[in-house]
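Residue numbers (the working numbering), protein chains in the order written: chain A, 1 to 442; chain B, 443 to 884; chain C, 885 to 1326; chain D, 1327 to 1768.
We put the CB at the ideal spot given by N, CA and C, even for glycine.
Fair warning: this is a prediction, and the values are worked out from it, not measured in the lab.
All remarks here apply to the structure that follows.
There are 4 protein chains.
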Amino acid sequence: MGMPKSVNRPEPLLRVLKATSRSAARPTDAETTAALAHKYRTLRGASLQLVDHLSPEDQCIQSMADSSPIKWHLAHTTWFFETLVLKAHLPGYRDFDPRFGYLFNSYYEALGSRHARPQRGMLTRPSLAEVNAYREHVDRAAHSMLDRGSLSSEVNWLIELGLNHEQQHQELMLTDIKHAFWLNPLRPAVRMPGCGRSEASKAPTSPMTWQRSLGGVRQIGHHGNAFAFDNETPRHAVLLQPFSLASRLVTNAEYVDFIRDGGYRDPRWWLSDGWGCVQSQGWTAPLYWEVVDEGRVGGRASAPGGRIDDYRIFTLDGMRDPDPDQAVTHLSYYEASAFASWAGARLPTEFEWEAAAESWSGVEPICADAWQWTRSSYDPYPGYKPWAGLAGEYNGKFMVGQQVLRGGSFATPSGHLRITYRNFFPPGARWQFSGLRLARDA
Amino acid sequence: MGMPKSVNRPEPLLRVLKATSRSAARPTDAETTAALAHKYRTLRGASLQLVDHLSPEDQCIQSMADSSPIKWHLAHTTWFFETLVLKAHLPGYRDFDPRFGYLFNSYYEALGSRHARPQRGMLTRPSLAEVNAYREHVDRAAHSMLDRGSLSSEVNWLIELGLNHEQQHQELMLTDIKHAFWLNPLRPAVRMPGCGRSEASKAPTSPMTWQRSLGGVRQIGHHGNAFAFDNETPRHAVLLQPFSLASRLVTNAEYVDFIRDGGYRDPRWWLSDGWGCVQSQGWTAPLYWEVVDEGRVGGRASAPGGRIDDYRIFTLDGMRDPDPDQAVTHLSYYEASAFASWAGARLPTEFEWEAAAESWSGVEPICADAWQWTRSSYDPYPGYKPWAGLAGEYNGKFMVGQQVLRGGSFATPSGHLRITYRNFFPPGARWQFSGLRLARDA
Amino acid sequence: MGMPKSVNRPEPLLRVLKATSRSAARPTDAETTAALAHKYRTLRGASLQLVDHLSPEDQCIQSMADSSPIKWHLAHTTWFFETLVLKAHLPGYRDFDPRFGYLFNSYYEALGSRHARPQRGMLTRPSLAEVNAYREHVDRAAHSMLDRGSLSSEVNWLIELGLNHEQQHQELMLTDIKHAFWLNPLRPAVRMPGCGRSEASKAPTSPMTWQRSLGGVRQIGHHGNAFAFDNETPRHAVLLQPFSLASRLVTNAEYVDFIRDGGYRDPRWWLSDGWGCVQSQGWTAPLYWEVVDEGRVGGRASAPGGRIDDYRIFTLDGMRDPDPDQAVTHLSYYEASAFASWAGARLPTEFEWEAAAESWSGVEPICADAWQWTRSSYDPYPGYKPWAGLAGEYNGKFMVGQQVLRGGSFATPSGHLRITYRNFFPPGARWQFSGLRLARDA
Amino acid sequence: MGMPKSVNRPEPLLRVLKATSRSAARPTDAETTAALAHKYRTLRGASLQLVDHLSPEDQCIQSMADSSPIKWHLAHTTWFFETLVLKAHLPGYRDFDPRFGYLFNSYYEALGSRHARPQRGMLTRPSLAEVNAYREHVDRAAHSMLDRGSLSSEVNWLIELGLNHEQQHQELMLTDIKHAFWLNPLRPAVRMPGCGRSEASKAPTSPMTWQRSLGGVRQIGHHGNAFAFDNETPRHAVLLQPFSLASRLVTNAEYVDFIRDGGYRDPRWWLSDGWGCVQSQGWTAPLYWEVVDEGRVGGRASAPGGRIDDYRIFTLDGMRDPDPDQAVTHLSYYEASAFASWAGARLPTEFEWEAAAESWSGVEPICADAWQWTRSSYDPYPGYKPWAGLAGEYNGKFMVGQQVLRGGSFATPSGHLRITYRNFFPPGARWQFSGLRLARDA
């Protein structure tokens, strides 16, 4: 079958994004079920293909409390379907293993206690083979449900949620394994044979221009019948001042200018907490940038010079020279904010970003290259209500202490993208494919 | 002279607040200087009166990295005038001690390195007497400047900034010494003789009612000629949905209902980070609430029952029975948020709060009883520009990872209050006089 | 070939131990080489057999900074032969992979920097298959050396050292994998098929009696031509007071008496640092003892009662009922010391233990059941000189902050035991098979 | 009265030390009581004189968990007399304040819970004046007891214990306030006016020679009727090999040679845990050695050169140039051990040290200049029994994880010294006046 198109094909992103906000005649439950039956097979298979060249050892390790083993991702997404769909809505469904609820629950308090997050790497048992058997068991049951014909709109929705959840974990699997491999002094490549795109591929960079928006009252948030997360709703009006948004993301070459200008040694540019990180953690460049003595195993040195040739960058394909024209990634919010200050600009709010995206044309897609830190804290929209039931723990309880990112990265399954999508991470997180797009008051 | 009225007199707060937004004929520089000369004497004296019954030992200790010794507050506010006003604008001014710049700089990176914050309690030298001499030295120079007649509008403004800064530290002195005394098993009282008000005094509580607002486009932020911090500007329009705001703050009695209903044991009500705090720090009630075995020194027990009689509360006057009708304080944002969820309501945004305050009448003052956590992260207003120069580090660099509080507390110098004022603390902070006012969608 | 006898056969230990101190005609270098050729094959094979039923995932994980992954043990012991024997003494030997020196050096500073200890679990690459190929590469070279006939006494000695080193890691592999599996809520069994002995097997317990020694001047430390570690030398005289030593180790049943009597709640019995551990780490029983609610996955409860039936014990064979007559193990030095105080006795010094072992007869072997904490700190013997060269880092640099254990456990390869052997661990370590034997002044 | 001679007079130490082991006719209880009455007044007064030039603020602060505020020392030593002597043996004695037992108990578990050690600096109340009143209250009662004539031998002994305890705290007061002052960027001097000796005074250094001892069976530990701690008993025989001991301590000049030779950068000389400290804590010289940029407040730089002129040393008299001939102090055990290895020597055992001290003549006193780290772990002597009752917690429960120091320092009250005295600290402790004397096998 090859790599599923939905994961890796470089589709014209703008078209996809626009499509998501297009209103359409609502499909029947039966039509939805049929579409889901196809999507389920494609997406669940894509998860396995992403990692099928990784060894059982590779899939077992956990490199920090914030990340998870690949095997855990594979089991957790399966547990999600089993718990929300099969056990609740498939009469006669039998648990694959009743203990898995304890092992593979991520953070759902309503389901009781669970395996401690920082200990996920200790789960050599169940083995990868057993987890694969678990996936097959659940998939068989899901297929039987889906192939039976029309499901209720509630069940259809739960399956759609599970598939979007699986897509989110597809991206996390790539960022988590990248971090784990980086802790290996051999700096191994994940090597993704058959992938049409790699982390490094990139179209030539156009000069950056400022795209002006007039502001005014704009509608923000998801509307229409397509799936969206609860944190994208309700759609509501906001009042924006005029602003300008950069036509493309900040590149590696531009970021090196900031380093060379002493950006990491000058507190003027930094938020107070960010400057604290620079000092306590010794940041001198984005995560994964190294000044490597090639003759040395395990060698990392802190960057002296600040010329782009001084650096090597760890990627999913192993160590690579940085591409000057590629969007800089693996920045914390603090670094994105400091760069913007140094550049005499600022980060956009998530509302500016979304409003601009609606009217965007003639320039590079607004998503695509990297997740883009916004100046907006991850707060609830006016009138926000978490989903009912277990899914209510999906988003709302994380709405403090995090910043919103908009856009998407090469690692984001392309069908997963839309301009109302709100990604969020704590301001110090650097292991995502996170960069920035500049903004300024118009 | 007695306790200065500006610090403690129970003025009709609403009137004061309203007054701040009233536009008036702009005074001349000379008129401003004359007013400042009076205000300077009053306010600087008030700082000393607040703590004049505390011993040199009391004024030296630091109870946690987030707090500071009283003596350090007294010296730092003095250093602020010396650095921004006297050294920059009084020709011939001589430093009291050139080493004090290192000791009493709080966080101004532009001035170079400084004494480590968690080590402020080690500063037994300079002694309290030397710090008082420092204050007198600086005050003499400031008086000579102010009494000379008209100062430039820039210098007038810097003095006004210094006085507002001093007022902020007056409140912090009370919250910091309260925390330090609480770590003493003897639970001493700060005892504020001569203060017209104490932490415990309170008018009878009216029943809570919901005050409805229609929403729409509202102007937010400071305007007019009176002093305001940069974070209150620029004044700008926001679009609000209809909402309702509670007529008064949540009381101790109401909060005990939450405890008794198992609020601290039920993750449903909590933000994820908040639930983490409950578990890792063993929270079972607000800070300073204790179930005391009176026969035991240093004894604290975790709350069993959840009846208000089970508790004693540590106050600036020592241990006291909680007043059921008083506004609950010493809550973290997490606790305020959890209470609101449990109550079927939510916290207001800072915009809702400010918009309501403008049209508030016939109910208790919207400020006054306690700082009120809002649902709003501490983000910059559209078009926000930090002040130029050193003062630029005052507010802007803290705009991440914090929540906005609105209102004020009994410890806030009353002249310091206005409805556009934005206080901010990290979501886990509990040592301020912080409570909550409920809101809901209308 | 089956399980090698040297690892698991329940030999009459006393005979073995006695034999090691018997002086004999010194063998020629050629005879030694021939014996080593046999021993090398047997022992190196035994390491693999110990773990051949573990999956690559099982062999990759690291459960704490003090332990190491199985795969790392397998590679490190191989690196030890490669570095000390082959690269130094086999002309023309080619490194298997020059990067392995960085990865698999444990703590030899003279060889430069190395992979950080707490990150050993991140080494999914090299894979287990590659590590096995590494072992084969090194073994082929070693075989070719050994089979060539007579090696110099220096090289013979280095090979002997490498084999003793390998045996030490065989024991650590069992204790490390046990700890890692215990962190898995499924509590898997390591399952050692083909092993003649299991952790649980045990001969019936005889009543404890006191074996009296008269003291006086006694010779302590290794003598003769057989291999010993540098820390066992030089043999020297010590002066002992009369003392008595218990005829057998403290049993599970006896230890439960201590628990039931409130041993973990009474500071009288504890060293100050030990009481600190009891409180900060919540110790209520030896490591791996659990009061399990069998219906619950991942469930551990702290022991309420103190009856032996209340407990289940995690073993290499999974969860088991404790055998009342078996020697209690997985005690820290603090617990061993507290038990002895409670019992009105004390721990022996390592000198008393060794002196008694020389004259021991008619009672159970003095080694065998568990490592036995002694009251002796791990200090150098008078006249102690670390080995020359790289091996000098083997023992001497650890001589502070540790306690000596004597004896051996079921996990100790039996040929590895001798009465002059000095094992050592920090006083809080509990993951070894460590118990105690009582002593008292005679 | 002036500074009491027993604290500071530079007596011929050797004579004093020898005297302590001289057996004499046992005095009667009445004679003992009379002597104690005098000693009590002298010693208790000396404690106050040591600190009477320190402000209440100086006496309140605590610089680390291992140290205590001066005021706490003054209260704790008083509590010791109150608890062990007055409440137990003076009928009708009334507590000064029943809450003080909670505040000023150091580590006596048998007396129940107590104020947390790291929070001792929070005790601004009771004030210094109240603590002084506490001392007077207890002293009055003690005087009335002592002046009454003959006390029982048990009570005499308890008073003697209390006075030795007070002397130990006199030394700790100096080391603790030194550490606290060092954390003040102003580097204030404690200034001890009236003290006959200062930290810096020193007789000219003689060349170092080796004093040879033949070893053999030697008696170790206290004997005779004079007071000694339980950890110095029982006197017992040990068997020593021949050894040599250096005639004097290592000097600052000699230690600088070690630094210049790269001693802090070469792992060969270090115990493994010591090397860990060098790296994690950035040690490049003894504690309190600084390469100061004199024009900078609060400035510390790490030592570049390793010439003695590069350094300034913080002392009780403020910053001073190091005296090349003075004994180096403020070393950890790790540094003392590393220096000895570098010098081709070793540290003595405590038994060698004591055996040599008995036969010492013609050289400088063996004590006096600094506490001397020994190679001996702090283990119990054969037959050791802790004292009965509360005093049983004085020494025995600390016998793990510490190293023995012998000798004494300028800060040790001279009447407190004897050659059987065993001081002990963890191997990483550097805030005591701790140096080293070299030893080697003869």
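Cβ of residue i within 7 Å of any chain A Cβ
i, result
"Leu691/B", "no"
"Gln1165/C", "no"
"Gln1256/C", "no"
"Leu1097/C", "Looking at the sequence itself, residue 1097/C is Ser, so the reference to Leu does not match. Not an interface residue."
C-alpha gap between residue i and residue j, whole angstroms
i, j, result
"Leu1009/C", "Val190/A", "Per the sequence presented here, residue 1009/C reads as Arg, with Leu not at that position. Cα to Cα, Arg1009/C sits roughly 11 Å from Val190/A."
"Ala141/A", "Pro386/A", "29 Å"
"Arg879/B", "Lys178/A", "45 Å"
"Arg1544/D", "Pro1560/D", "14 Å"
"Ala780/B", "Glu696/B", "13 Å"
"Glu993/C", "Ser1570/D", "31 Å"
"Arg1348/D", "Ala1554/D", "Because Arg1348/D carries a pLDDT of 43, less than 50, the predicted location of this residue cannot be relied on, and no value is offered for it."
"Lys1723/D", "Arg1230/C", "13 Å"
Proximity test, Cβ basis, 7 Å: residue i and chain B
i, result
"Asp1421/D", "no"
"Gly121/A", "no"
"Asp1384/D", "yes"
"His1399/D", "no"
Chain C contact for residue i (CB, 7 Å cutoff)
i, result
"Ala1563/D", "yes"
"Arg125/A", "yes"
"Pro69/A", "no"
"His89/A", "no"
"Asn184/A", "yes"
"Ser1658/D", "no"
"Pro286/A", "no"
Within-7 Å CB hit, residue i to chain D
i, result
"Ser779/B", "no"
Residues bridged to residue i [DSSP beta-bridge criterion]
i, result
"Asn252/A", "For Asn252/A, which the question treats as bridged, DSSP gives no partner whatsoever."
"Glu1277/C", "None, per the DSSP bridge assignment."
"Gln1287/C", "Ser1261/C, Phe1309/C"
Please list the segments of the beta strand (DSSP E) lying wholly inside the stretch 170-250 of chain A, counting only runs of 3 or more residues, in order along the chain.
-> The beta strand (DSSP E) runs of length 3 or more contained entirely in the stretch 170-250 of chain A are, from start to end of the chain, 210-213, 216-220, 236-240, 243-246.
Between the stretch 383-400 of chain A and chain B, which residues of the former have a C-beta closer than 8 Å to a C-beta of the latter?
-> Within the stretch 383-400 of chain A, those residues whose Cβ lies closer than 8 Å to any Cβ of chain B are, in chain order, Gly383, Lys397, Phe398, Met399, Val400.
What residues in the stretch 1756-1768 of chain D have a beta carbon less than 9 Å from any beta carbon of chain C?
-> Against chain C - using a Cβ distance shorter than 9 Å - the residues of the stretch 1756-1768 of chain D are Asp1767.
What residues in the stretch 1053-1065 of chain C have a beta carbon less than 9 Å from any beta carbon of chain A?
-> Of all residues in the stretch 1053-1065 of chain C, Ala1064, Phe1065 have a Cβ within less than 9 Å of some Cβ in chain A.
Using a beta-carbon distance cut-off of less than 7 Å, what residues from the stretch 981-996 of chain C approach chain A?
-> Using a CB distance below 7 Å, the part of the stretch 981-996 of chain C facing chain A consists of Arg983, Tyr986, Leu987, ordered along the chain.
For the stretch 746-797 of chain B, list the beta strand (DSSP E) runs that are entirely contained and at least 3 residues long, ordered along the chain.
-> Within the stretch 746-797 of chain B, the complete beta strand (DSSP E) runs of at least 3 residues are 754-757, 760-762.
Where the stretch 1449-1473 of chain D meets chain B: residues whose CB sits under 8 Å from a CB there = With the criterion set as a beta carbon lying under 8 Å from some beta carbon of chain B, the members of the stretch 1449-1473 of chain D are Leu1449, Thr1450, Arg1451, Pro1452, Ser1453, Leu1454, in sequence order.
Which residues, in chain order, does the stretch 400-427 of chain A contribute to contact with chain B at a C-beta distance below 7 Å?
-> Cβ contacts with chain B: Val400, Gly401, Pro427.
At which residue ranges does the stretch 53-122 of chain A contain complete alpha helix (DSSP H) runs of 4 or more residues, listed in the order of the chain?
-> For the stretch 53-122 of chain A, whole alpha helix (DSSP H) runs of length 4 or above, ordered along the chain, are 70-81, 100-104.
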